[in-house]
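First up is the structure itself, then whatever we jot down about it.
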Amino acid sequence: MDTEKSSSSSFEDLTNAEDTKDIRKVAAEEAASGDGAPPASASGDGQKAEEEDVEEECDVLGNKQLIKRTITKAPQDSFRRPVRGELVTVNFTGALDNGTVVENELNFQCHVGDYEVVQGLDMVLPMLQVGEVSQVSVDSRFGYGSIGLKKEGESEYLVPPDANLTYEIELLDIKYEDFADLKSFEILRKYGTRKKERANFFYKRSEFTTAIHLYRRALDFLDNRDGDPESEFDKEDLELSNSDTQTLLEDRLIVYNNLAMTQIKIAAYDAALQSVEHVLRCQPNNSKALYRKGRILEGKADTQGAIKLLQKVATLEPENRAVQSDLARLFIKARREEHNEKEMYQKMLGQAKKMEQNTATRQKQPLVDNSKLKLLGYLMGTILIGVAGVAIYRYKY
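Quick note: the sequence shown uses this note's numbering, first residue 182, plus one each step.
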């Protein structure tokens with residue numbers, strides 16, 4: 182999703198707060214004076230209908246890209262709003278600008294902040310109260326973006342690219358789940374599988390950061406350790422059957438494998454290596470994990486290490502042409518790297534020899550100069566002696 186994209190919402194402002202305030206003021210004055218006042222029962226029904234008809238609008242981000250309008254207020258005794266991580270139950274319908282309904286869910290459950298609904302709805306959930314019905318206008322940036330949404334296995338778009346959406350959502354229930362609520366195999370696997378499938382959805386859309394978040398959330402649930410701080414020492418693990426524990430483990434390894442692949446996509450090689458090692462500790466011959474570790478080592482510039490791993494994968498899956506193709510590519514890459522290394526060493530050795538020659542030349546140069554100086558000294562000495570001899574001879578004779 183293009184987080185830098187910004188465009189104006191196509192939805193118009195459907196209410197005018199000042200006009201609504203003036204109408205209420207006039208109605209109150211008329212009721213106080215008794216002029217045109219309806220019977221008590223009718224007046225009460227009118228006020229109730231008026232309250233239900235009033236729409237409160239909130240520009241959530243201040244840029245008209247996410248607008249919440251209250252259609253039906255929550256009951257007066259309902260004041261709690263959901264917070265991140267809590268389980269909510271909602272009814273919602275999503276439609277395009279032309280009125281075509283593209284999503285319709287009843288008693289849908291999701292965890293706030295886990296991207297199990299479109300981002301715009303996920304951002305509005307903490308603003309709702311139980312029993313409240315609201316309309317949410319979602320710009321494409323916080324909907325399905327420039328990718329849109331296609332029907333499963335089809336080329337036809339359910340939500341066209343860059344399409345704005347309008348949702349009507351009702352918050353039915355909020356549930357805070359403590360450790361006691363998460364101690365059954367069925368709940369753990371249900372939540373873990375749901376997070377994994379949603380992560381796969383974002384991976385296919387190349388929204389890798391969101392996918393990584395959801396894979397990690399899936400791992401939180403696909404675990405036989407409840408994390409309850411009140412558990413007795415050495416009794417932290419859930420009491421699951423061997424088959425249930427094995428099922429959770431297998432699901433967990435699948436998630437780790439997918440997480441590693443997603444981390445490779447964003448070049449987070451160290452994190453990906455940790456993820457894939459979780460798989461290989463339990464399944465040393467897991468071909469997917471070995472292949473992805475090979476991809477990681479290649480990303481970390483360890484071509485020879487990558488070749489060894491892919492050779493093992495080729496042994497485990499001799500019919501896998503993709504692995505054979507990657508192996509051929511890595512062999513060529515390794516030869517090229519070896520050739521480049523030789524050239525580099527030759528250049529380094531050549532430079533070293535030149536440096537040695539220059540050093541030797543500089544060391545010899547002073548010796549030549551010294552010999553010339555000595556010769557010059559001898560000549561000057563001889564001349565001086567000759568001159569002195571001539572002077573003495575003339576002085577005596």
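Ideal placement from N, C-alpha and C gives every residue a C-beta, glycine not left out. Being a predicted model, the structure only gives us computed values, none of them experimental.
Asked, Found
"For Y384, three-class secondary structure by DSSP", "helix"
"Cβ contact check for the segment 438-453 and the segment 382-400: 3 or more pairs under 8 Å", "yes"
"CA-to-CA distance, S259 to D303, given in whole angstroms", "20 Å"
"Cβ shell of N285 (< 6 Å), same chain only, five flanking positions each side left out", "T274"
"Bridge-paired residues (DSSP) for C291", "V269"
"7 Å Cβ shell around Q246 - same chain, five flanking residues per side excluded", "S190, D320, R322, F323"
"Given L491 as reference, the closest of I513, K481, S468, A482 once Cα atoms are compared", "S468"
"The segment 341-357 / the segment 372-385 touching (three or more Cβ pairs under 8 Å)", "no"
"Any alpha helix (DSSP H) of 4 or more consecutive residues that is wholly inside the segment 461-522", "468-480, 484-497"
"Own chain residues within Cβ distance below 8 Å of Y559, not counting five before or after", "none"
"Under 9 Å between C-beta atoms of L352 and L309", "yes"
"Per DSSP, the bridge partner or partners of E286", "F273"
"Beta bridge counterpart(s) of I350 as assigned by DSSP", "F273, S315"
"Host beta strand (DSSP E) of R250 (start-end)", "247-253"
"Own chain, CB closer than 6 Å to I566, minus 5 neighbours either side, in chain order", "none"
"N-terminal and C-terminal residue of the alpha helix (DSSP H) that V305 is part of", "300-305"
"Same chain, Cβ closer than 7 Å to M442, five either side skipped, listed in chain order", "R473"
"Simplified DSSP assignment, three categories, for Y526", "helix"
"Contacts around A255, its chain only, beta-carbon distance under 7 Å, and the 5 residues preceding and following it disregarded", "Q310, V311, G312, E313"
"Nearest-angstrom Cα separation, counted from T281 out to Q427", "45 Å"
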